[in-house]
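Structure, as structure tokens:
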Amino acid sequence: MAILLTQEEKDLYEKALNYGKEKLYPLTFDVDKSPELNREMIKDMAKNGFCGVGIPKEMGGKGYNYLQTALIYEGLAYGDGMMAFQMQLHNNISMEIATFYEGISDEVKAIVPGLADGSKLTAFALTESASGCDPSATTAYAELREDGYHIFGKKDWISNAENADYYNVMIKDGKDSKNMIMLLVDKGTKGLKFLKNRERLIGNGMSCGSLEFDDCVVPVSRLLSANGFKEALIAIDVARVYTPAIAVGVAQRALDITAEYLATRESFGTPILKNQGVQWELADLSAKIEAARWLVYRTASVMDSGEPVAITAAKNKYFGTEVAMEVLVKCAQYFGAEGFMKDSRISKLLYVAKMLQIVDGTTEIQKIVIGRDIARKYLKKSK
Ligand SMILES: Cc1cc2nc3c(=O)[nH]c(=O)nc-3n(C[C@H](O)[C@H](O)[C@H](O)COP(=O)(O)OP(=O)(O)OC[C@H]3O[C@@H](n4cnc5c(N)ncnc54)[C@H](O)[C@@H]3O)c2cc1C
Numbered sequence: 003m004a005i006l007l008t009q010e011e012k013d014l015y016e017k018a019l020n021y022g023k024e025k026l027y028p029l030t031f032d033v034d035k036s037p038e039l040n041r042e043m044i045k046d047m048a049k050n051g052f053c054g055v056g057i058p059k060e061m062g063g064k065g066y067n068y069l070q071t072a073l074i075y076e077g078l079a080y081g082d083g084m085m086a087f088q089m090q091l092h093n094n095i096s097m098e099i100a101t102f103y104e105g106i107s108d109e110v111k112a113i114v115p116g117l118a119d120g121s122k123l124t125a126f127a128l129t130e131s132a133s134g135c136d137p138s139a140t141t142a143y144a145e146l147r148e149d150g151y152h153i154f155g156k157k158d159w160i161s162n163a164e165n166a167d168y169y170n171v172m173i174k175d176g177k178d179s180k181n182m183i184m185l186l187v188d189k190g191t192k193g194l195k196f197l198k199n200r201e202r203l204i205g206n207g208m209s210c211g212s213l214e215f216d217d218c219v220v221p222v223s224r225l226l227s228a229n230g231f232k233e234a235l236i237a238i239d240v241a242r243v244y245t246p247a248i249a250v251g252v253a254q255r256a257l258d259i260t261a262e263y264l265a266t267r268e269s270f271g272t273p274i275l276k277n278q279g280v281q282w283e284l285a286d287l288s289a290k291i292e293a294a295r296w297l298v299y300r301t302a303s304v305m306d307s308g309e310p311v312a313i314t315a316a317k318n319k320y321f322g323t324e325v326a327m328e329v330l331v332k333c334a335q336y337f338g339a340e341g342f343m344k345d346s347r348i349s350k351l352l353y354v355a356k357m358l359q360i361v362d363g364t365t366e367i368q369k370i371v372i373g374r375d376i377a378r379k380y381l382k383k384s385k
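Sequential numbering from 3 applies to the sequence shown in my numbering.
What follows is the structure, given as structure tokens:
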């Protein structure tokens, strides 16, 4: 792995960063409330080359590798963390559909170009109300009958639940089975209902809610994977490369606006930033962001190399999102009362950082993965 970024990688980051600063940042408050503007901006991001990034060129995508893609999300997130999150969510699911599942049907292959150019949106439906961190507690299931898979059950907290065109749904292959499969379900399929959109602290321009499958029938050609759990773990590793990239962009933006604010905000007759104690705390945060940034680049590079990445990805997800949260808690404090206002920039960033600690495997789940790996090695030695 090269320790420094190439010029091409730097250019890609700059392109996303400039787009984030110029197009996304000014719209943060509007796009957060308006589903129409939100959708328009996803399309605009696609038009500007940020969609279909991990999909091979021959399938209509941009063919970027993991490092290039992570750089794009970091840059976009500097402009708006929620929009970067949505772009990576759609791109991840699209890339998985296009490249993860061997032997996908021609019917599914024909869907990929529309995902790559952003004209169609995707959602990933794994979580259920009683099976968040523990997918083995999934209850939704499909029965294979003559006319296809009949799906029953409910999924919760699904991003894009209301406005996706396709759902990548993870369910058991039989009521009493432990095996999970993945099926690609079209919006509007009979028996699939969007139940409710719950208001969140951030990102209400994107829908996030429940789906009900009540004898929803999909053809066998929509099977993405018969070994869904194993495949889902790979997909989750991908998200654990990118969510921290977004966290780094968000944390850097927070640090920059805080330094800017403290340079002009006076207390005791002098700019607050003149206090060495304040400078030292910002120095601390700046160093941690830099460490998180390079862990993202390293994790993406490991992924690009094809070496096992699960433990590195867990460390990446854990560290990057924890650093972002620490940065945001401290920076929001430096904004005083202003940082407690719903319409302040820093409080918006604080909510994004909180969300990033939960999605794609919580902080605690990452610690379980890393801790088990340590225990596995040393418990073996002490036998
Ligand atoms: C904005 C948003 C968007 C989302 N989008 C999607 C989506 O598109 N698709 C999808 O499938 N899901 C989505 N989710 C759901 C998300 O993946 C889950 O919320 C997450 O996996 C955690 O599950 P849970 O909320 O049920 O927490 P729970 O499983 O109820 O856990 C509660 C708390 O306990 C901790 N905990 C759990 N087990 C242990 C343990 N053994 N040891 C220590 N601590 C533990 C957890 O870390 C957490 O802090 C989304 C969530 C949010 C907030």
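Quick reminder that beta carbons are idealized off the backbone N, C-alpha and C, glycines included.
Put simply, the backbone Cα of Ala-312 is about 36 Å away from that of Ser-36. Between the C-alpha atoms of Lys-174 and Ile-236 there is a straight-line separation of about 18 Å. Rounded to whole angstroms, the gap between the alpha carbons of Leu-213 and Ala-261 is 43 Å.
Taking non-hydrogen atoms of ligand 1 into account, the C-beta of Phe-321 is found less than 7 Å away from none of them.
Boundaries cannot be given for Met-343, as no alpha helix (DSSP H) includes it and DSSP labels it neither H nor E. Within the same chain, Ala-139, Thr-140, Thr-141, Ala-142, Gly-155, Lys-156, Lys-157, Asp-158 come within 8 Å of Glu-130 by CB-CB distance, once the 5 residues on both sides are set aside.
Between Leu-257 and Val-329, the C-beta gap is smaller than 8 Å, which places the two residues in contact.
Scanning the region 157-198 from its first residue to its last, no whole alpha helix (DSSP H) run of 4-plus residues comes out.
Within the model, the alpha-carbon separation for Arg-200 versus Ile-160 is close to 10 Å. Here Cys-333 is not bridged, per DSSP, to any residue. Between Phe-196 and Ala-163, the gap from beta carbon to beta carbon is short of 8 Å. Between Leu-6 and Leu-73, the C-beta gap is not smaller than 8 Å, which leaves the two residues out of contact. For Arg-147, no alpha helix (DSSP H) encloses it; the enclosing beta strand (DSSP E) starts and ends at 143-147. In the three-state scheme derived from DSSP, where H, G and I count as helix and E and B as strand, Val-361 is classed as coil. The beta-bridge partner set that DSSP reports for Thr-124 consists of Tyr-168.
Using a cutoff of 7 Å, the CB of Ala-125 counts as near ligand 1, since one of the ligand's heavy atoms is closer than that.
Take the alpha-carbon of Ala-234 and the one of Gly-207: they are about 27 Å apart.
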